[in-house]
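See below for the structure under consideration.
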Amino acid sequence: MKKIRHFLNLDELSKKDIHEIVSKSHILKKNYGKTSLKRKKILAMIFEKPSTRTRVSFEVGMKKINGEVVILDQNDTQLARGESLSDTIKVLSRYVDIIMYRGSDEKKLYEISKSSNVPIINGLTNQSHPCQIIADLMTLEENFKNINKINLCWLGDGNNVCNSWIHASKHYDFNLNISSPKGFFPKKKVIDKVKKNTIKLYEDPEEAIKGADVLITDTWESMGMKKKKATLKKFEEFQINTSLLKKTNKETFVLHCLPAHRGNEITNNVIDGEHSLVWDEAQNRLYAHQSILFWCLK
Ligand code: CP
Ligand code: NVA
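Note that the sequence shown covers residues 0 to 297 in numbering that gives the first Met the number 0.
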């Protein structure tokens with residue numbers, strides 16, 4: 000039987016596959032609107048959490064390559080009345096060619112990948128956001144000759160997006176410094192699993208950003224995760240502002256997957272400033288998703 004090409008987590012894909020997906024994203028950008036699937040395919044997207052970029056870029060991206068899209072918001076389906084996600088997937092995989100799932104606990108993602116006859120794409124879970132990182136890698140490749148030689152620094156919450164950066168680092172040689180308040184670093188087992196000595200943890204953000212080519216941040220409160228006011232206070236020194244940016248002592252770019260909480264993890268001056276790659280990063284979701292779709296449907 001042919002193996003189904005699920006896109007679940009970057010540490011589980013091969014180096015060859017990741018590099019292929021990222022390179023094809025550049026080609027799709029260059030020839031935007033000119034590349035099509037040989038036969039029309041249908042993508043279903045299930046959203047248990049809100050989305051702007053993922054939803055629109057998958058829909059537009061799919062339509063531009065001769066695909067169609069069906070969107071299921073949890074509350075408008077029988078999922079809201081207790082039908083199991085696995086049963087839903089069993090049925091959907093008899094209707095559509097590929098499914099993107101945005102959910103909460105990652106266990107559910109792996110469960111459905113077992114009950115589906117068609118590829119499943121991880122459109123974000125509490126633990127990961129691999130689609131985002133494909134677009135981010137592409138954005139970095141647009142700005143650096145060799146991204147294996149650069150220094151990345153993640154600032155703030157060691158969340159799902161940070162985990163997917165850790166997963167990606169398995170396939171690249173960039174340095175990844177992670178700086179978080181005590182208690183908010185990514186889980187040790189996530190870091191241990193990729194076995195890379197290029198990942199370093201810092202409690203002091205000023206120490207972590209020294210020599211950084213890129214600073215990366217994200218919300219301090221991911222969807223569905225609330226923090227107390229006193230806890231959020233601990234994050235303040237991790238804010239990317241002009242003063243912190245100057246302390247890298249070199250020209251440093253900034254990434255943020257969006258949505259941004261301006262004034263918290265990033266300031267207006269930085270996100271709208273000359274060092275921000277944020278808007279290209281958001282645009283590149285389009286081509287990254289098209290590339291993921293091509294790879295899964297191959
Ligand atoms: N970055 C990202 O995934 O954005 P959305 O939540 O809007 O899809
Ligand atoms: N860490 C964020 C990413 C949003 C795209 C969240 O999970 O809410």
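All C-beta atoms in this analysis are idealised placements derived from N, C-alpha and C, irrespective of residue type, glycine included.
Do you know offhand how far Asp203's Cα is from Phe184's?
Within the sequence shown, residue 203 is the residue found at index 204, counting from 1. Within the sequence shown, residue 184 is the residue found at index 185, counting from 1. For Asp203 and Phe184, the distance between alpha carbons rounds to 12 angstroms.
For the region 199–269, list the alpha helix (DSSP H) runs that are entirely contained and at least 4 residues long, ordered along the chain.
204–207, 228–232 and 241–245
Given Asn150, which residues of its chain have a CB within under 6 angstroms of its CB, disregarding the five upstream and five downstream residues?
Here residue 150 refers to the residue found at position 151 when the sequence shown is read from its first residue. Around Asn150: Asn174, Gly210, Ala211 and Asp212.
Whole-Å CB distance - Ile208 paired with Cys152, under 8 angstroms assumed:
One-based indexing of the sequence shown puts residue 208 at position 209. One-based indexing of the sequence shown puts residue 152 at position 153. Between Cys152 and Ile208 the Cβ distance is about 5 angstroms, and since that is below 8 angstroms, they are a contact.
Beta-bridge partners of Asp72, as assigned by DSSP
Indexing the sequence shown from 1 puts residue 72 at position 73. Per DSSP, Phe46.
Please identify the residue among Lys62, Ile64 and Ala79 whose C-alpha is closest to the C-alpha of Leu71.
Within the sequence shown, numbered from 1, the residue matching residue 71 stands at position 72. For Leu71, the nearest C-alpha among the options comes from Ala79.
Determine the DSSP secondary structure at Glu67, reduced to helix, strand or coil.
As a first step, residue 67 is located in the sequence shown; it is residue number 68 there, counting from the start. Looking at Glu67 - three-state DSSP - the assignment turns out to be strand.
What does Tyr100 pair with, by DSSP beta-bridge criteria?
Within the sequence shown, the letter at position 101 stands for residue 100. Paired residue(s): Ile45 and Asn121.
For Val253 and Phe293, what's the separation of their Cα atoms in angstroms?
As a first step, residue 253 is located in the sequence shown; it is residue number 254 there, counting from the start. As a first step, residue 293 is located in the sequence shown; it is residue number 294 there, counting from the start. In a straight line, the C-alpha of Val253 is about 29 angstroms away from that of Phe293.
Contact set for Asp279: own chain, Cβ-Cβ below 6 angstroms, skip 5 residues either direction
Within the sequence shown, numbered from 1, the residue matching residue 279 stands at position 280. Hits under 6 angstroms: Thr138.
Would the beta-carbon of Arg52 be found less than 6 angstroms away from any heavy atom of the ligand CP?
Within the sequence shown, residue 52 is the residue found at index 53, counting from 1. Yes, the beta carbon of Arg52 sits closer than 6 angstroms to at least one heavy atom of the ligand CP.
Please list, in chain order, all residues of the same chain as Lys181 whose beta carbon is under 7 angstroms from its beta carbon, the five residues on each side excluded.
In the sequence shown, counting from the first residue as 1, residue 181 sits at position 182. Here the set comprises Glu202.
At a threshold of 6 angstroms, does Leu9 count as lining the ligand CP (C-beta to nearest heavy atom)?
If you number the sequence shown from 1, residue 9 lands on position 10. The answer is no for Leu9.
Spatial neighbours of Ser168 in its chain, beta-carbon cut-off 7 angstroms, leaving aside the 5 residues before and after:
Along the sequence shown, read from residue 1 onward, the residue named residue 168 stands at position 169. Once the five neighbours on either side are set aside, the close Cβ partners of Ser168 are Leu175, Val193, Lys195, Thr197 and Ile198.
Does DSSP put Phe293 in a helix, in a strand, or in coil?
For the purposes of this step, residue 293 is identified with residue 294 of the sequence shown, where counting begins at 1. In the structure shown, Phe293 sits in a helix (DSSP, three-state: H, G or I).
Assumed close pair Thr298, Asn159 - CB separation to whole angstroms, cut-off 8 angstroms:
It is not possible to answer for residue 298, since the shown part of the chain is limited to 0 through 297.
Where Leu142 falls: helix, strand or coil (DSSP)
Within the sequence shown, numbered from 1, the residue matching residue 142 stands at position 143. Reading off the sequence shown, one finds Asn at residue 142, where the question assumed Leu. In the structure shown, Asn142 sits in a helix (DSSP, three-state: H, G or I).
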